[in-house]
Each structure stands twice: as structure tokens, then as C-alpha cells.
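> Terminal number for the sequence shown in the numbering used here: 160, no gaps in between.
For glycine and all other residues, C-beta sits at the position ideal for the given N, C-alpha and C.
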Amino acid sequence: REDYKYYDEIAREQWRCALCYTNYLVSGGTRCIKVHLNNKHNITEDSPTDARAKIIQSSIQAAMDNAILNPQRRRDLNPSQATTAIPLDGDTLEVLYVKFIAACNMPLRLVECAEFRAFLTYLNSGVDKYLSITHNTIVKLVLRQYNFEK
């Protein structure tokens, strides 16, 4: 556990690596500890925000790659919708939305919620062109992505 403190024979506080049990004096600063974690265990000092941003970016890139491998024909759900400055890719949107539904255990009826639709429209007004407004279609999207991932 991390709340235990370790001391040497002279009662100087030490930091003990939980991965390899190497000891470093705490009074010597944190540089040696950082170098040890980076060199021996490939653990860097990235902030949680940086790490989260990297994970999100790699997830989006993986979804885009998956969408390219499995393109689908789509009908225009809202042909009167004006296009936005940043066009959406329907395949990527489908993959990302299904992964969101599965990873966060969200209800399939979320697309029927007016507030959720307003949020998506605020982010990109072109979302109504690709994302269905009924949960029945979302069930089909989830099953289709499940079959691709098998």
C-alpha cells in the first residue's frame, strides 16, 4: 500500500518502487525516482489530462480506421439539413457512437432524448444527417459493429 513509509537503518525515509522494490532516499529529491520510473518501467510524468487526450485521440483514430475498413451505404436522414463547416463522416460517427454506448453502458434510447440531441447538434449541426432519432436503428448499428468486431 502507498500509505506505508519505509526507513533505512539510520531512520531516513525512503521511497520503494512497487514494481521492482528498488529504494531511494526521499530527502534526495524526486529526480532519481523519475529517472528510475522512466528508464526501468517506461512510466512518464505525463499529466492525467495529457494521457487522457492521447487515449481519446488514439480511440478516434482507431474508429476512423475501422470505418474505412467497413464502409456502409447510408441514406440521408435529414436532407434539408445544411452542411457544416466541418463535415462528419457517417462511418466514423457510427463506430464512435457504438463504442460510447458499449463502453459506458448507455441506454440505446439516448438518441431519442431531446437534450442529448440538442447537445450533439450544438457540437456539430450535421449530426442529424447521420444519427438516427430512434433506438431501433441504434440496435441495428450496435449489432452491425458487433459483427464487424467478432
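1. Is it buried or exposed for GLY100, if we count other Cβ within 10 angstroms and need 16 for buried?
2. Contact check, LEU98 vs TYR140 under 8 Å by CB: the rounded distance?
3. Suppose you measure from the CA of ALA73 to the CA of SER135; what does that come to, to the nearest Å?
4. When the distance is taken between beta carbons, is GLU55 closer than 7 Å to VAL36?
5. Look up ASN33 in the DSSP assignment and give the residues it is bridged to.
6. Note down, in chain order, each residue of its chain lying with its Cβ closer than 7 Å to the Cβ of GLU102, except the 5 sequence neighbours on either side.
Reading off the structure:
1. Translated into the one-based positions of the sequence shown, residue 100 becomes position 90. GLY100 comes out buried.
2. In the sequence shown, the residue the question calls residue 98 occupies position 88. In the sequence shown, the residue the question calls residue 140 occupies position 130. With 8 Å as the limit, LEU98 and TYR140 qualify as a contact, their Cβ atoms being about 6 Å apart.
3. Position 63 of the sequence shown, counting from 1, holds the residue named residue 73. Position 125 of the sequence shown, counting from 1, holds the residue named residue 135. Approximately 21 Å, taken between the alpha carbons.
4. For this step, residue 36 is matched to residue 26 along the sequence shown. For this step, residue 55 is matched to residue 45 along the sequence shown. No. Outside cutoff.
5. In the sequence shown, counting from the first residue as 1, residue 33 sits at position 23. Answer is ARG26, bridged to ASN33.
6. Counted from its first residue, the sequence shown places residue 102 at position 92. Inspection of the sequence shows that residue 102 is occupied by Thr rather than by Glu. Within the same chain, THR102 has close Cβ partners ALA73, MET74 and ALA77.
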